[in-house]
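K.L.:
What follows is a single structure, and I will ask about it in a moment.
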Amino acid sequence: MIELITLLILFIPFSVFLINSLLLRTILGSENDLSGRLNVISIGVCFFLSLIVIFNLNNASSTIVFDWINIGDVDLSFSFMIDPLTSVMLVVVSGISFLVQIYSIGYMHGDKSFSRYFSFMALFTGSMLGLVMSRNILQLFIFWELVGVSSYLLIGFWHERKAAAAAAKKAFIMTRLGDFGFLFSIIYLFNINPDLLNIHLLYDAIVNNEISTQVATVLSLGFLIGAIGKSAQFPLHSWLPDAMEGPTSVSALIHSATMVTAGVFLIARLFPLFQISDIMILVAIIGASTSFIAATMALTTTDIKRVLAYSTISQLGYMFMALGLEAYTAAVFHLFTHAFFKAGLFLSAGSVHHASGTFNMKYMGGLKSKMKYTYYSMLICSFSLSGLFPLSGFWSKDEIILSAYNQGGSLGLICMIIGLLVAFMTSFYMFRAISLTFHGDFRGGGDKEREDLIKQKLPVPETLEHVHLEESPKYMIYPILLLSFFAIFIGYFANPVFSDLLFIDKHLFGLFLEKSLEVFHFHGSHDFNFSIALVSTFISIVGILFGLSIYNKKTELDKGNFFNSINNFLDKKYFIDYLYEKFIVQNIFYELICAGLEWIDKNIFDGININLSKLIGRISLRSLKFQDGQIHTYSIAMVTAGVISIFILIILG
Amino acid sequence: MFNYFLTITVFFPAITALFLLIFNDKKRIVQISISSSIITFILTLFLFISYDRDLGGMQFIDYFQWINSINIKSSYLLGIDGFSAPLVLLTGLLSMVAFMSSWRMKLRVKEYFIWLLLLETSVLGVFTSLDLLLFFIFFEFELIPMYMLIGIWGSGRKEYSAIKFVIFTLAGGAFMLIAILSLFASDSVSTLAMVSISEINLIGIPDLIAGKELIIPASIIFLFFFIAFAVKLPLWPLHNWLPDAHTDAPTAVSIMLAGVLLKMAGYGLFRINLGFFQETQGFTIFDVSGLLALLGTISIIYGAIITLRQTDLKRLIAFSSISHMGYVLLGFAAITSSTTYSLYSLNGSAMQMFTHGTITGLSFLTVGLIYDRTHTRDINKLGSLAKKMPIIALFFVISGLASLGLPGFSGFVSEIMIFLGTYKIYPVYTIISAFGVVLAAGYILWMVQRSMFGTNNLDKDDSTYDYKDLKDGNFYDILPAVIITIPIIIIGIMPSIFITFFNMGIKEILR
Chain A
1 MIELITLLIL
11 FIPFSVFLIN
21 SLLLRTILGS
31 ENDLSGRLNV
41 ISIGVCFFLS
51 LIVIFNLNNA
61 SSTIVFDWIN
71 IGDVDLSFSF
81 MIDPLTSVML
91 VVVSGISFLV
101 QIYSIGYMHG
111 DKSFSRYFSF
121 MALFTGSMLG
131 LVMSRNILQL
141 FIFWELVGVS
151 SYLLIGFWHE
161 RKAAAAAAKK
171 AFIMTRLGDF
181 GFLFSIIYLF
191 NINPDLLNIH
201 LLYDAIVNNE
211 ISTQVATVLS
221 LGFLIGAIGK
231 SAQFPLHSWL
241 PDAMEGPTSV
251 SALIHSATMV
261 TAGVFLIARL
271 FPLFQISDIM
281 ILVAIIGAST
291 SFIAATMALT
301 TTDIKRVLAY
311 STISQLGYMF
321 MALGLEAYTA
331 AVFHLFTHAF
341 FKAGLFLSAG
351 SVHHASGTFN
361 MKYMGGLKSK
371 MKYTYYSMLI
381 CSFSLSGLFP
391 LSGFWSKDEI
401 ILSAYNQGGS
411 LGLICMIIGL
421 LVAFMTSFYM
431 FRAISLTFHG
441 DFRGGGDKER
451 EDLIKQKLPV
461 PETLEHVHLE
471 ESPKYMIYPI
481 LLLSFFAIFI
491 GYFANPVFSD
501 LLFIDKHLFG
511 LFLEKSLEVF
521 HFHGSHDFNF
531 SIALVSTFIS
541 IVGILFGLSI
551 YNKKTELDKG
561 NFFNSINNFL
571 DKKYFIDYLY
581 EKFIVQNIFY
591 ELICAGLEWI
601 DKNIFDGINI
611 NLSKLIGRIS
621 LRSLKFQDGQ
631 IHTYSIAMVT
641 AGVISIFILI
651 ILG
Chain B
654 MFNYFLTITV
664 FFPAITALFL
674 LIFNDKKRIV
684 QISISSSIIT
694 FILTLFLFIS
704 YDRDLGGMQF
714 IDYFQWINSI
724 NIKSSYLLGI
734 DGFSAPLVLL
744 TGLLSMVAFM
754 SSWRMKLRVK
764 EYFIWLLLLE
774 TSVLGVFTSL
784 DLLLFFIFFE
794 FELIPMYMLI
804 GIWGSGRKEY
814 SAIKFVIFTL
824 AGGAFMLIAI
834 LSLFASDSVS
844 TLAMVSISEI
854 NLIGIPDLIA
864 GKELIIPASI
874 IFLFFFIAFA
884 VKLPLWPLHN
894 WLPDAHTDAP
904 TAVSIMLAGV
914 LLKMAGYGLF
924 RINLGFFQET
934 QGFTIFDVSG
944 LLALLGTISI
954 IYGAIITLRQ
964 TDLKRLIAFS
974 SISHMGYVLL
984 GFAAITSSTT
994 YSLYSLNGSA
1004 MQMFTHGTIT
1014 GLSFLTVGLI
1024 YDRTHTRDIN
1034 KLGSLAKKMP
1044 IIALFFVISG
1054 LASLGLPGFS
1064 GFVSEIMIFL
1074 GTYKIYPVYT
1084 IISAFGVVLA
1094 AGYILWMVQR
1104 SMFGTNNLDK
1114 DDSTYDYKDL
1124 KDGNFYDILP
1134 AVIITIPIII
1144 IGIMPSIFIT
1154 FFNMGIKEIL
1164 R
């Protein structure tokens, strides 16, 4: 039964991808409505099937499909597994994808490539579902790359926009850089023992102490690099803000809720391996520093989607930090809750753009009265992200900070302080965004921005559209409302306090999830610390009040601020983009190494060929002179040759 | 033993070429040539399908003796095994695509197709002949049609490129001839058969020279064979003919050149360098396998870095071919003994030949379509083509993604197999080469972005084409692209079809 469902979950989106791209697009044309509806229905079915899976899950199951590259007795076949971790991911991916598909029907309405959009969305959903169900790490890598390419195709969906095409390329190459580490670990693992690529056999080997700490460290390091690239962690984070050039629905699904969490998922999947390695501390440090750096960058950003992008990076950093602190449950739970409220925020931002025609918050303001549903949904999701009691973000964030506290030592202390700082910044920048967008007076939207840019003779971004101040269509609003509903209540699945809340047992989520690591007898801590909760809530509230009060009155942004120089520094994203793109890639790699080698190739290797042929030409010209047709020249040559031959014969005797 | 089937397949294009002589109507000539290539493809497909996988070994053997002196026996000997069957199929497939892509040909149509047909026969001959002399004849014969095709129907510095191609390959061929003669000089070599075939009581060179002292040291013979194939592969630093030849060759010839001609070198490496020199006295291939891996690695990285600098679409793909063929050598070099790991890398290497053939064939095909419309291959002069020709752009992007080793396409399978297999023996080279995958993503995506996406804001005066008038491909343009995409995807998803073949062939080559 569950095997069949597994196959269906994978089969449906891929077949929809094929139907959309091959049939509907060619027969009905690229603007047909049917492709969108087909996506909604089919992914809805996937979501339903995922719910069946999560409710009927008893123990890990596996389904072998077919041979892939088996040689000799090495087993590298396509196979799938369902365990609690997978089932949670299935629900997140298919659920959010379902809502985003509905939203997309409204958001992408009238786009010339409507059908292409939905076929890529189906491809992404299928690949992501395949990723979380893979039982073989090599197969996981295959789906990992497939989600990467769907992300590439969707970021660059409006490919005639230069910025979108460049952002797509940047995203792909930077994650590829990380994938290099992933690939290395796969190769390394294969060379220890090919069977270990199968996750359940890897687990068994770890239980039986067959993998030494040293080996585990090397392996985990490679996987970590892959995860860093995919989840946009420092220092490979800079592709994610640029990826906002894609459609907003894509950002909601891929670049906040699902694909970017694949890195967290990978570490969670290989958690036992990381546990016996020496790099857990590195995971925590990377997570903590990323969450801090990204949060600071979000403070001054004026593009609402980029604020959300930095926030996503920062929250992913939280999850990494939790994993590094061995708070497995907390990390996955934060992934779970974050997916809902962050998707809600992105979809709201799309709705705002629909009305104001711009993503630039300098030109927004006063939208509160015009779009009530969007405003309240965004408010709820922001409260949730800020970790305000009793919304879902509170429960998951609190668990992470608590795990840092429980860890103790200097690492735990640093992580806890950073966690609290980030919590403050998060609520600050979110409510700064809310004030700028919804409060105060309307500042002209996309039309005004275009005017200003033309006046200053600056290039006009292609995302600018005309203002029409009204609430978005119902296709867009319903998913947002549903997501904000989840943003309120979904945190109760953790239920750390009550013994029995309606039908939710105490520690339901944690106990369920830990069954994934049953073979290791893994048990995390599930307690609840009242004072920590109080402190973190207090900090969030202070942040919210700061954000609301500072930016409520101001229409001119961040001017005359004594933080100006810091502002500038943050605006330039710590000069990281400059360092990577201009300095390392452009100047050092491209202009120095590549150009140098090209010169060598042209002048030395090809030069040798050309000069050799010239030399031979010259020699043959010279030797031509001997053949001048004069009998006496020939006879001299004959006599000389004869004498020399006789001489040689005599010597050789 | 002579059942004619393989002989008919090999010579079918040549016979068509003779037949073409009596026609003068251009349209008829195009029709006949394309039909002939389709029939040849069906014949190769039949060979591939009806090859008995349970039996293995050499099948479809055509054999009769033609030189029968006391010292040396050379014979007309054709046959295919698990290793050559996929390559024969590849030749049939890519030739068909090359012929189909030439349907617009206007210039000296009859000669063009005659040379192309002769080229097909000679390549099929290389992959099927099992006698060293016959192999050499086919290997060298291919030069003549190639010279004509590049020199007459090419573009740019076509004469220069044609002569450069000929001189390089001919020099390599000279080394091979010396190598063959050196083998011939040894007392132990009484026949020039490249493999032993028990059905016809034929003992091949590998068995004849195993453990024997040769008059000319085995290392030198090995080196000479290797040089011949290294030029053809092409291996750094003998690669400089390839970019020129590709850039100036017509589309169909580029497809043939990258698709199948380069694979003759890989085939030769497996069949001769690996097949002959495993148990020779004094020197075996295992002595230099580390060096081969190093050369392969240099080719991969060097090719990829130079590729990053190219702005001509064809030149770019040509340099990327150097990088991709480096993987063939790297995988090939991981031969210490027949463990599972080296089977992985050898199979990967063989798969890489097949997959690179189809993927690069698709690349050149689409670049040809773009060039037909825009009359330029300069990436800086292109842009936003996806808007005007979405279907061509689709196949261009598919070929690009397949070429950068995206899972789901065939290139990934061969590359991952090579990496999985070689790491055990050459960890450092493997890691360095795996970085080539990142570089590949760089140059491919850069190329795709600049030529297909973004905006087209060119000066009209400077431009060789009118952006507004660009048209997408019609049915005849797209059909070959579809045909060649099918194996790229099938192998990406179900590589086991081909792996069983290659694995069988390689196991027999390994002693």
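For the protein sequence lines, the chains are A and B, in the order given. Going by the numbering used here, the first sequence opens with residue 1, and the numbers climb by one from there. Going by the numbering used here, the second sequence opens with residue 654, and the numbers climb by one from there. Using N, Cα and C, we set each Cβ at its ideal position, and we do this for glycine too. Quick caveat, the model's predicted, so the values are computed rather than measured.
Per DSSP, which one or two residues make a beta bridge with T844 (chain B)?
P.N.:
Paired residue(s): B:K726.
K.L.:
Who are the near neighbours of I1085 (chain B) in its chain, counting only those whose CB is closer than 7 angstroms to its CB and skipping five residues on each side?
P.N.:
So the list reads T950, I954, once near-sequence residues are dropped.
K.L.:
Pair every Cβ in the segment 292-299 of chain A with every Cβ in the segment 125-142 of chain A, then say whether three or more of these pairs are closer than 8 angstroms.
P.N.:
Not touching, per the Cβ criterion.
K.L.:
Compare the C-beta of Y188 (chain A) with all C-beta atoms of chain B and state if any pair is closer than 8 angstroms.
P.N.:
Cβ-Cβ to chain B under 8 angstroms: yes for Y188 (chain A).
K.L.:
Verify whether the separation of the beta carbon atoms of I608 (chain B) and L876 (chain B) is less than 8 angstroms.
P.N.:
As shown, chain B starts at 654 and ends at 1164. That puts residue 608 (chain B) outside it, with no answer to give.
K.L.:
If you count every other CB in all the chains shown that lies within 10 Å of the CB of S620 (chain A), and 16 or more means buried, which is it?
P.N.:
Looking at its Cβ environment, which holds fewer than 16 other Cβ atoms inside 10 Å, S620 (chain A) is exposed.
K.L.:
For a minimum of 3 consecutive residues, which ranges assigned as the beta strand (DSSP E) are wholly contained in the segment 74-145 of chain A?
P.N.:
You should have 77-82.
K.L.:
Under 8 angstroms between C-beta atoms, does F184 (chain A) make it to chain B?
P.N.:
At least one chain B Cβ lies under 8 angstroms of F184 (chain A).
K.L.:
Report the residue from A:A165, A:K397, A:A487 whose alpha carbon sits nearest the alpha carbon of T1108 (chain B).
P.N.:
Checking every option, the nearest Cα to that of T1108 (chain B) belongs to A:A165.
K.L.:
According to DSSP, I733 (chain B) sits in a beta bridge with which residue or residues?
P.N.:
According to DSSP, which records beta bridges pairwise, I733 (chain B) is partnered with B:Q712.
K.L.:
Let me check one thing: in DSSP terms, what residues is F717 (chain B) bridge-paired to?
P.N.:
Partner(s): B:Y729.
K.L.:
Who are the near neighbours of G735 (chain B) in its chain, counting only those whose CB is closer than 6 angstroms to its CB and skipping five residues on each side?
P.N.:
Contacts found: F1154, M1157, G1158.
K.L.:
So, using beta-carbon positions, are V283 (chain A) and F320 (chain A) closer together than 8 angstroms?
P.N.:
Going by C-beta atoms, V283 (chain A) is nearer than 8 angstroms to F320 (chain A).
K.L.:
Specify whether the segment 1060-1078 of chain B and the segment 1117-1133 of chain B touch according to this definition: at least 3 beta carbon pairs, one from each stretch, less than 8 angstroms apart.
P.N.:
No, because fewer than three Cβ pairs between the segment 1060-1078 of chain B and the segment 1117-1133 of chain B fall closer than 8 angstroms, the two stretches do not touch.
K.L.:
Counting beta carbon pairs with one atom in the segment 1128-1140 of chain B and one in the segment 1008-1027 of chain B, are three or more of them shorter than 8 angstroms?
P.N.:
With a cut-off of 8 angstroms, the segment 1128-1140 of chain B and the segment 1008-1027 of chain B count as touching, because enough Cβ pairs lie within range.
K.L.:
Which chain A residues sit within Cβ distance under 8 angstroms of F701 (chain B)?
P.N.:
Neighbours of F701 (chain B) on chain A: none; closest Cβ ~19 angstroms, over 8 angstroms.
K.L.:
Look at the alpha carbon of L8 (chain A) and the alpha carbon of V53 (chain A), and state the distance between them as a whole number of angstroms.
P.N.:
Straight-line Cα distance between these residues: approximately 12 angstroms.
K.L.:
Keeping to the same chain, check which residues put their C-beta closer than 6 angstroms to that of F340 (chain A); ignore five residues upstream and five downstream.
P.N.:
L483, F486, A487, I490, listed in sequence order.
K.L.:
Could you pull the start and end residues of the alpha helix (DSSP H) that M321 (chain A) belongs to?
P.N.:
That run of the alpha helix (DSSP H) goes 304-324.
K.L.:
How would you call I5 (chain A), buried or exposed, if buried means at least 16 neighbouring beta carbons within 10 angstroms?
P.N.:
Per the 10 Å Cβ criterion, buried.
K.L.:
Could you tell me the boundaries of the alpha helix (DSSP H) in which N39 (chain A) lies?
P.N.:
Per DSSP, N39 (chain A) belongs to the alpha helix (DSSP H) from 34-55.
K.L.:
Within a Cβ cutoff of 6 angstroms, which residues of the same chain sit near S42 (chain A), ignoring the five residues on either side of it in sequence?
P.N.:
If we look at S42 (chain A) and ignore the five residues flanking it on each side, its Cβ neighbours are I12, V16.
K.L.:
Which residues in the same chain have their Cβ closer than 7 angstroms to the Cβ of G178 (chain A), if we skip the five residues on either side of it in sequence?
P.N.:
Here the set comprises I225, G226, I228, G229, K230, L236.
K.L.:
Just curious, the alpha helix (DSSP H) that V352 (chain A) is in, first and last residue?
P.N.:
Taken as a continuous stretch (DSSP letters only), the alpha helix (DSSP H) holding V352 (chain A) covers 328-356.
K.L.:
Thinking just about the alpha-carbon of each residue, which of A:S251, A:Q233, A:L388, A:R450 is nearest to the one in V264 (chain A)?
P.N.:
Cα-wise, what sits closest to V264 (chain A) is A:Q233.
K.L.:
Should S1037 (chain B) be flagged as near chain A, meaning a C-beta pair shorter than 8 angstroms?
P.N.:
True, the Cβ-Cβ gap to chain A drops below 8 angstroms.
K.L.:
First and last residue of the alpha helix (DSSP H) that includes E1068 (chain B)?
P.N.:
Residues 1063-1075.
K.L.:
Give me whichever residues DSSP pairs with S973 (chain B) in a beta bridge.
P.N.:
Answer is none; S973 (chain B) lacks a bridge partner.
K.L.:
Taking just the CA atoms, how far does L138 (chain A) sit from G1074 (chain B)?
P.N.:
So the alpha carbons of these two residues sit roughly 14 angstroms apart.
K.L.:
Straight-line CA distance for F818 (chain B) to V913 (chain B)?
P.N.:
Answer to the nearest angstrom: the Cα atoms are 16 angstroms apart.
K.L.:
According to DSSP, simplified to helix, strand and coil, what is F485 (chain A)?
P.N.:
Reduced to three states, the DSSP call for F485 (chain A) is helix.
K.L.:
Within the 8 angstroms Cβ cut-off, does V1091 (chain B) reach chain A?
P.N.:
V1091 (chain B) counts as touching chain A.
K.L.:
Which residues of chain A have a Cβ atom closer than 8 angstroms to the Cβ of N1156 (chain B), listed in chain order?
P.N.:
What N1156 (chain B) touches in chain A: I71.
K.L.:
Would V132 (chain A) pass as an interface residue toward chain B - the criterion being a Cβ-Cβ separation below 8 angstroms?
P.N.:
Judged by the 8 angstroms Cβ criterion, V132 (chain A) is not in contact with chain B.
K.L.:
Going by CA-CA distance only, name the one from B:F1049, B:M801, B:P739 that's closest to I767 (chain B).
P.N.:
Nearest of B:F1049, B:M801, B:P739 to I767 (chain B), Cα basis: B:M801.
K.L.:
Ignoring anything shorter than 4 residues, give me the alpha helix (DSSP H) runs that lie fully in the segment 875-908 of chain B, in order along the chain.
P.N.:
List check, alpha helix (DSSP H) in window: 894-901.
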